[in-house]
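Engineer: Under my numbering, the first residue of the sequence shown carries the number 1, and numbering increases by one thereafter.
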Amino acid sequence: MTTKSKRSLLDKWMTITPVLFTVVLTLILAFLLIGQKIYPDERDMMATECQTFDAQWQKVLENGERMDVTVPGQVPAEWGEVVTLTTTLPDEVHNGDSICFRTIWQDVDIYVDGELRLNYTTKDSRPFGKNSAFRCLFLELSEEDAGKELTYSFSSESKYAGTMRTAYIGQESSIWFYLVEEFGAKALISVFLFLVSLFCIVACLILRYVYKKMLPLSYLAWTLFLCALWMMSEIEFRQIIFRNVSVLTNGTYWCLMLIAYPMIIYMNEIQDRTYSKMYSIISIYTTGVLAVGTFLQVFDIVQFVQQLPFVHVGIGACILAILGSITYDTFNGRIKNYLAVGIGIYGMLLSAVLEIILYYINVELSLGTVLAVGLLFLLVMAIVKTGQDLMDSEKKKQQAIMAKEAQAKFLANMSHEIRTPINAVIGMNEMILRENKDETVHEYAQNIQSASSMLLELVNDILDFSKIESGQLELVEETYHLATVIQDEKLLLNARVAGKPISTLIEVDPQIPAKLLGDKLRVKQILTNLLSNGVKYTKRGNVTLKVSYEWIDAEHISLIFAVADTGRGIKEEDMPHLFDKFKRLDLSENQNVEGTGLGLNIVKQLVDQMQGTIKVDSEYGKGSVFTVSIPQKVVDKNAIGNFEQAVRECRKENQPKETLFTAPDASILVVDDNRMNLNLMKALIKRTKMQIELAASGAECLELTRRKRFDIILMDHMMPEMDGVATLKTLRGESNNANKNTVVVALTANAIAGSREMYLGYGFDDYLSKPIQADKLDELLGNLIPSALIKYEKTKVESLGMDVEGKETDLSEADDTEEINTQSVQTKSNAQEVAQETSVQEEFLDIDSELGMQYCLNMVDFYKDTMKDFCEQVREYLPQLENIFEQKDWKQYAVVAHALKGNAKNIGAVAFSELSLQHEKAAKEENEAYIISEYQNYKETLQKLLEKVEKLSEA
Ligand code: ADP
Numbered sequence: 001m002t003t004k005s006k007r008s009l010l011d012k013w014m015t016i017t018p019v020l021f022t023v024v025l026t027l028i029l030a031f032l033l034i035g036q037k038i039y040p041d042e043r044d045m046m047a048t049e050c051q052t053f054d055a056q057w058q059k060v061l062e063n064g065e066r067m068d069v070t071v072p073g074q075v076p077a078e079w080g081e082v083v084t085l086t087t088t089l090p091d092e093v094h095n096g097d098s099i100c101f102r103t104i105w106q107d108v109d110i111y112v113d114g115e116l117r118l119n120y121t122t123k124d125s126r127p128f129g130k131n132s133a134f135r136c137l138f139l140e141l142s143e144e145d146a147g148k149e150l151t152y153s154f155s156s157e158s159k160y161a162g163t164m165r166t167a168y169i170g171q172e173s174s175i176w177f178y179l180v181e182e183f184g185a186k187a188l189i190s191v192f193l194f195l196v197s198l199f200c201i202v203a204c205l206i207l208r209y210v211y212k213k214m215l216p217l218s219y220l221a222w223t224l225f226l227c228a229l230w231m232m233s234e235i236e237f238r239q240i241i242f243r244n245v246s247v248l249t250n251g252t253y254w255c256l257m258l259i260a261y262p263m264i265i266y267m268n269e270i271q272d273r274t275y276s277k278m279y280s281i282i283s284i285y286t287t288g289v290l291a292v293g294t295f296l297q298v299f300d301i302v303q304f305v306q307q308l309p310f311v312h313v314g315i316g317a318c319i320l321a322i323l324g325s326i327t328y329d330t331f332n333g334r335i336k337n338y339l340a341v342g343i344g345i346y347g348m349l350l351s352a353v354l355e356i357i358l359y360y361i362n363v364e365l366s367l368g369t370v371l372a373v374g375l376l377f378l379l380v381m382a383i384v385k386t387g388q389d390l391m392d393s394e395k396k397k398q399q400a401i402m403a404k405e406a407q408a409k410f411l412a413n414m415s416h417e418i419r420t421p422i423n424a425v426i427g428m429n430e431m432i433l434r435e436n437k438d439e440t441v442h443e444y445a446q447n448i449q450s451a452s453s454m455l456l457e458l459v460n461d462i463l464d465f466s467k468i469e470s471g472q473l474e475l476v477e478e479t480y481h482l483a484t485v486i487q488d489e490k491l492l493l494n495a496r497v498a499g500k501p502i503s504t505l506i507e508v509d510p511q512i513p514a515k516l517l518g519d520k521l522r523v524k525q526i527l528t529n530l531l532s533n534g535v536k537y538t539k540r541g542n543v544t545l546k547v548s549y550e551w552i553d554a555e556h557i558s559l560i561f562a563v564a565d566t567g568r569g570i571k572e573e574d575m576p577h578l579f580d581k582f583k584r585l586d587l588s589e590n591q592n593v594e595g596t597g598l599g600l601n602i603v604k605q606l607v608d609q610m611q612g613t614i615k616v617d618s619e620y621g622k623g624s625v626f627t628v629s630i631p632q633k634v635v636d637k638n639a640i641g642n643f644e645q646a647v648r649e650c651r652k653e654n655q656p657k658e659t660l661f662t663a664p665d666a667s668i669l670v671v672d673d674n675r676m677n678l679n680l681m682k683a684l685i686k687r688t689k690m691q692i693e694l695a696a697s698g699a700e701c702l703e704l705t706r707r708k709r710f711d712i713i714l715m716d717h718m719m720p721e722m723d724g725v726a727t728l729k730t731l732r733g734e735s736n737n738a739n740k741n742t743v744v745v746a747l748t749a750n751a752i753a754g755s756r757e758m759y760l761g762y763g764f765d766d767y768l769s770k771p772i773q774a775d776k777l778d779e780l781l782g783n784l785i786p787s788a789l790i791k792y793e794k795t796k797v798e799s800l801g802m803d804v805e806g807k808e809t810d811l812s813e814a815d816d817t818e819e820i821n822t823q824s825v826q827t828k829s830n831a832q833e834v835a836q837e838t839s840v841q842e843e844f845l846d847i848d849s850e851l852g853m854q855y856c857l858n859m860v861d862f863y864k865d866t867m868k869d870f871c872e873q874v875r876e877y878l879p880q881l882e883n884i885f886e887q888k889d890w891k892q893y894a895v896v897a898h899a900l901k902g903n904a905k906n907i908g909a910v911a912f913s914e915l916s917l918q919h920e921k922a923a924k925e926e927n928e929a930y931i932i933s934e935y936q937n938y939k940e941t942l943q944k945l946l947e948k949v950e951k952l953s954e955a
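1) Whose CA, out of T538, P510, S953 and S158, lies closest to the CA of D300?
2) What residues in its chain sit with their C-beta under 6 Å from that of R496, if we drop five residues either side in the sequence?
3) Taking 7 Å as the cut-off, is the beta-carbon of Y537 closer than that to any non-hydrogen atom of the ligand ADP?
4) Please name the residue in Y178, T121, L308 and E172 whose C-alpha comes closest to that of F154.
5) Could you tell me which residues DSSP puts in a beta bridge with A746?
6) Could you give the first and the last residue of the continuous beta strand (DSSP E) run that contains K184?
7) Please find out if some non-hydrogen atom of the ligand ADP comes closer than 7 Å to the beta-carbon of I526.
8) For P40, count the other beta carbons within 10 Å of its own beta carbon; 16 or more makes it buried, fewer makes it exposed. Which is it?
9) Using 10 angstroms around the beta-carbon of M14, count the other beta-carbons present and answer buried if the total reaches 16, otherwise exposed.
10) Have a look at the DSSP bridge pairing and note the partners of T627.
11) Can you name, in chain order, every residue of its own chain whose Cβ lies under 7 Å from the Cβ of A897, other than the five neighbours on each side?
12) By a C-beta neighbour count over all protein chains shown, 10 Å radius and 16 as the cutoff for buried, is D124 buried or exposed?
13) Check the C-beta distance from L768 over to V745 and give it rounded, since I have them as a contact under 8 Å.
14) Would W551 be called buried (16 or more neighbouring beta carbons within 10 Å of its own) or exposed?
15) Rounded to whole angstroms, what's the CA-CA distance from D461 to K604? Just pull it up for me.
16) With DSSP run on the structure shown, which of helix, strand or coil describes I668?
17) Let me check you understand the geometry: is the CB of L578 closer than 7 Å to at least one non-hydrogen atom of the ligand ADP?
18) Exposed or buried, A904, counting other C-beta atoms within 10 Å across all chains shown (16 or more means buried)?
19) Just how far apart, CA to CA, sit E950 and I468?
20) Cβ of N956 versus every heavy atom of the ligand ADP: is any distance shorter than 7 Å?
21) Taking 8 Å as the threshold, find out whether the segment 712–721 comes into contact with the segment 731–746 through three or more Cβ pairs.
22) What's the gap between the Cα of Q655 and the Cα of E589?
23) Going by CA-CA distance only, name the one from S558, R165 and G129 that's closest to R135.
24) Straight-line CA distance for F177 to G184?
25) Shortest alpha-carbon distance to L600 belongs to which of K583, G612 and Q609?
26) Suppose you measure from the CA of L85 to the CA of T287; what does that come to, to the nearest Å?
27) What first and last residue would you give for the beta strand (DSSP E) that runs through E115?
28) Just how far apart, CA to CA, sit D107 and S132?
29) Give a single yes or no on whether R568 has its beta carbon closer than 7 Å to a heavy atom of the ligand ADP.
30) Using the C-alpha atoms, what's the distance from D672 back to N821?
31) So the beta strand (DSSP E) G541 belongs to, where does it begin and stop?
32) Straight-line CA distance for G724 to N741?
33) Within 10 angstroms of its Cβ, does L116 collect 16 or more other Cβ (buried), or is it exposed?
34) Which residues in the same chain as N542 place their Cβ atom closer than 7 Å to its Cβ, once the five residues preceding and following it in sequence are excluded?
35) Give the straight-line distance between the Cα atoms of L585 and I526, rounded to the nearest whole angstrom.
36) Along the chain, where does the alpha helix (DSSP H) that runs through M232 open and close?
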């Protein structure tokens, strides 16, 4: 047989296996059931015979007379009376036979021919009470006892004073066997009820943790649990299981008294508390019965067994209340809210009524079985309702989550979209500010500037908030220098306090590890929000940032930022709402302070996401301290050391080799008494798109700085009248000067060793030596302008790759220069190949106007103006370039090529920019051969480009 056919046979066998299993199982079950019925009772073959002890009993009266009585049944007797009954034992008695008497709240003495053979009382073993709990008593007999007189004497301080229950005769084991068979069903059902209710209680407890609410079902489960306990205590053969039946019986009486409680709580919840009043009356009654009943029983005044009617009244009232309310709800239609439970209750009530009737008809009838079935039915229906409720709430929850997510997404999208036009407004306004000379218009534009920056801040807050809310915000971990983060915050802080009489202080623990791993941007955001709040809510005094740390383990630290201010502080009662979203506090005081009430909420959420903590100490009227502690992984355990020094070092390390950046939002003031120098600086700085202002003297500088805040000031040292040092001193001393804390860099023509120390000593932040080298200037600006304002030209480089190559190139940020260089070479060789058919210059005259427009906010006029600027520059550079070339001043050649590279790129003349880069590089390397062979070509291309751009700008 082939393997394939073997496999298909085995597969077929597997498909019929389930059928086979079902058939065989059915046969086995049928055999078990039918076999029990049709085959003889094997128990007869063992000595398991047991019969009811039917005898004619006589009551011995006080005067010695005897009176026939019917047993089992009720013998006339007073409470507490010792009732003596006699009868004659059967003529035939076997050794090992016993008579089993079932007592009920009675003390018993049993005599055979006057000899006391058995005595039962729990007087010495029960906790309290006057009667002995029910029990099966076994009177052992022997053959000699046949025909002797049997005296059964009993008493009870209850209505059971004369109650005789059925007795059994036979071997003791067979009597037990009989009792188990007779009352086993009730025992089983009560144990089952007990287990089911216990399971439900545990399930509800678990669900409580999942759904964070208590399910009403648990109260019903407790009701069942109490019923089950009570039923278990009523089992005929309980003495086999429990050591002290007196304790058991008393305990379960309390259970019985308690039953009404959980049931009414359950109903109250299910019926939405519509019948609260009615249920509270029952609850009060139950509490009364419980308290009074316990007192009466414990002090042996009235036995629990005698209090039963009161307990039944409570349970009965509970049943009536439930019945009444659900009947009422059936008519008014409210039952549809709990239909399944309603049906369950009707079933359960029916069983309860049956149970009570049965109890009062015949005590002997098995207690609780019918009620147990009713309760189980109710439980099943309640589980059905709970299932429906949970499914409903889960559905609603899902819908709510989806709605919330959609809302947050909408908010995130909208704020993202809104940012674009706001940026355009800010950009256009910036142009007005730069080019307009009219004072009034300038003022309007300044108002637009402050309003639109505020609007942008607000939109950014909402964007962050909605990102966090919709779970879109993910932490992006990277290695970062702590020093640069703090430096950026320092610059930002200084910018914010401008014009306010607030001094700032940054303290950094020099031992703190220098390099960390974490979400740098979000760490900065936390600091920015706290620091700007510090400035916003402080009128005068100081705002301090303290940075410290604690080791968590060998690899991690808790990075601790403490932002303290001497502002208004926060009221004690406002503290709990500090981190609420959209909540602004102390409005009467903070009316004029702009804000959204989102800043601290964002901080809290970010800190939480980073598994950190935030603490606030504040004294109203005195100030606040916000302490944030966030765990960060340590990358470099070397200590940060001197903070300023660390900043300089890591900026140098991080600086791209070829600085290609723009900072259109940064403003710079250049102070120099020499017009030419000013123009040169202007030309050098222009390509960074920074907003440049010029001052020709110290006095002019002071005047300007009082009006407008700058991000950086470049100040010539040697100036007539007020020199750079004196101007700086005055500037730093003017408490209301917007630039009191602005970074100021000295410009000097005579740099000597030790200049840095000298200028730092004067209070400058750095110095630059003249003639200004473009690279040095770029490096310095890159170091000192807040990094948030700097845009490195990576995207431009990428688009460059696209435009020149015609396909996307993957350029890594760090190797931009290298990549550009190789690309240029490739471009060139491509161009050379093409040159065989077309002119080389034509290639380099390409203008990517789309890119140029993009740099100019997609505004045609702006683009045209930029092109005009370009032409103006080129007209200046062309003769300069010629001069420089002739003098072989390669350094200056590099400066001009560098400037041309940037300017050309600004208008989208990407290919020419590339060409300029080649020339700049060659000049830097003093590659004379290259320049000499290419210069003519370069110059002509530039002339042609100038003509082309001139035409375009006029069009
Ligand atoms: P916003 O500043 O936009 O109102 P925040 O969430 O940042 O929102 O702050 C919420 C509130 O907490 C503020 O309205 C302010 O009343 C109070 N608050 C925050 N920081 C400070 C502080 N440093 N000093 C005093 N009050 C503060």
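C-beta atoms are modelled at their ideal positions from N, C-alpha and C, and glycine is treated no differently.
Computed from a prediction, not measured in an experiment: that's the story for all the values here.
Structural biologist: Taking the definition as stated:
1) Cα-wise, what sits closest to D300 is S158.
2) Here the set comprises S532 and V535.
3) True, at least one ligand heavy atom lies under 7 Å from that Cβ.
4) Among Y178, T121, L308 and E172, the Cα nearest to that of F154 is on T121.
5) BP columns for A746 point to M715 and Y767.
6) According to the sequence shown, residue 184 is Gly rather than Lys. For G184, no beta strand (DSSP E) run applies; the uninterrupted alpha helix (DSSP H) run containing it begins and ends at E172 to Y211, by DSSP.
7) Every heavy atom of the ligand ADP is 7 Å or more from the Cβ of I526, so no.
8) Flag for P40 reads exposed.
9) Counting Cβ neighbours within 10 Å, M14 comes out exposed, since fewer than 16 surround it.
10) DSSP output for T627 lists A562 and K615 as bridge partner(s).
11) Short of 7 Å from the beta carbon of A897, and not among the five residues preceding or following it, lie these beta carbons of its own chain, in chain order: S916, H919, E920 and A923.
12) When all chains shown are included, D124 counts as exposed.
13) Indeed they touch by this definition, with Cβ atoms about 6 Å apart.
14) W551 should be labelled exposed.
15) When only Cα atoms are considered, D461 and K604 end up about 13 Å apart.
16) DSSP, reduced to helix, strand and coil, places I668 within a strand of the structure shown.
17) Yes, the beta carbon of L578 sits closer than 7 Å to at least one heavy atom of the ligand ADP.
18) Classified as buried, A904 has 16 or more neighbouring CB atoms from the shown chains inside 10 Å of its CB.
19) C-alpha of E950 to C-alpha of I468: approximately 50 Å in a straight line.
20) No information on residue 956 is available, as it lies outside the stretch 1 to 955 that the chain covers here.
21) Short answer: they touch.
22) Low confidence applies to Q655: its pLDDT is 48, below 50, so where it sits in the model is not reliable enough to give any reading.
23) The residue among S558, R165 and G129 with its C-alpha nearest the C-alpha of R135 is R165.
24) Spanning the two alpha carbons is a distance of roughly 10 Å.
25) Of K583, G612 and Q609, the residue nearest in Cα terms is K583.
26) Per the coordinates, the alpha-carbon of L85 lies some 42 Å from the alpha-carbon of T287.
27) Segment E115 to Y120, the beta strand (DSSP E) holding E115.
28) The C-alpha of D107 lies about 6 Å from the C-alpha of S132.
29) Answer for R568: yes, Cβ within range of the ligand ADP.
30) At N821 the pLDDT is 34, less than 50, meaning the model places this residue with poor confidence and gives no usable figure here.
31) Looking at the DSSP string, the run of the beta strand (DSSP E) that includes G541 is G541 to W551.
32) For G724 and N741, the distance between alpha carbons rounds to 16 Å.
33) Flag for L116 reads exposed.
34) Around N542: I502, S503, T504, L505 and T566.
35) Computed Cα separation, rounded: 19 Å.
36) It spans L217 to S233 - the alpha helix (DSSP H) in which M232 sits, taken as one unbroken run.
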